[in-house]
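Notes follow the structure.
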Amino acid sequence: MKKEIICTVCPRGCHILVDGDEKSVFSVDGYGCKRGFEYASAEYLSPVRILTTTVKIFGIDSDLLPVRSAKPLPKNKLSECMDIIKNTEVKLPVKRYDTIISDICGTGIDIVATKDIG
Ligand code: SF4
Numbered sequence: 000m001k002k003e004i005i006c007t008v009c010p011r012g013c014h015i016l017v018d019g020d021e022k023s024v025f026s027v028d029g030y031g032c033k034r035g036f037e038y039a040s041a042e043y044l045s046p047v048r049i050l051t052t053t054v055k056i057f058g059i060d061s062d063l064l065p066v067r068s069a070k071p072l073p074k075n076k077l078s079e080c081m082d083i084i085k086n087t088e089v090k091l092p093v094k095r096y097d098t099i100i101s102d103i104c105g106t107g108i109d110i111v112a113t114k115d116i117g
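Using numbering that gives the first Met the number 0, read the sequence shown as starting at 0 and increasing by one per residue.
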């Protein structure tokens, strides 16, 4: 199955065409450098995204705590992770980079605060 991937590693934004199946990459065309080749191959086999969202603050309805995943999460886990985040409330005070949810969805990746509050 062929898939076009836009490389986000640098501003040039090469359109890279990857052909393969669920387990292997057969060919990669259109990349401008080795980093793009590696990015497109990895993105084809297991796409990942940084998750950026907010978490409810316990006892405060007027504000939310901005959070993000400490590393990119598997794209197919984002919805499951959002369900957990939606049902999470954090108690203040919180400092930037505090872990809000550890090992979300068994990915080994933490959800961390991106702002000091309280
Ligand atoms: S393939 Fe290389 S040159 Fe092209 S966007 Fe990616 S990093 Fe930039």
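The beta-carbon is built from N, C-alpha and C at its ideal position, and this holds for glycine as well. For clarity, every value in this text was computed on a predicted model and none was experimentally measured.
Since Ser-68 is in the beta strand (DSSP E), which residue starts that stretch and which ends it? 59-68
Supposed contact pair Val-27 and Leu-64 - C-beta distance, whole angstroms, cut 8 Å: Their Cβ separation, rounded to whole angstroms, is 40 Å, which puts Leu-64 and Val-27 out of contact at 8 Å.
Between the CA atoms of Glu-37 and Gly-12 - distance to the nearest angstrom: 14 Å
Looking at C-alpha atoms only, which residue of Ile-108, Cys-9, Glu-3 is the closest neighbour of Lys-33? Cys-9
Within its chain, find whatever has a CB closer than 6 Å to the CB of Asp-115; leave out the 5 residues flanking it on each side and keep chain order. Lys-94, Arg-95
Minimum C-alpha distance to Ile-84 - residue among Ala-69, Val-54, Asp-97, Cys-6: Val-54
Compute the minimum distance between the beta carbon of Tyr-43 and the heavy atoms of the ligand SF4, and state whether it is under 7 Å. no
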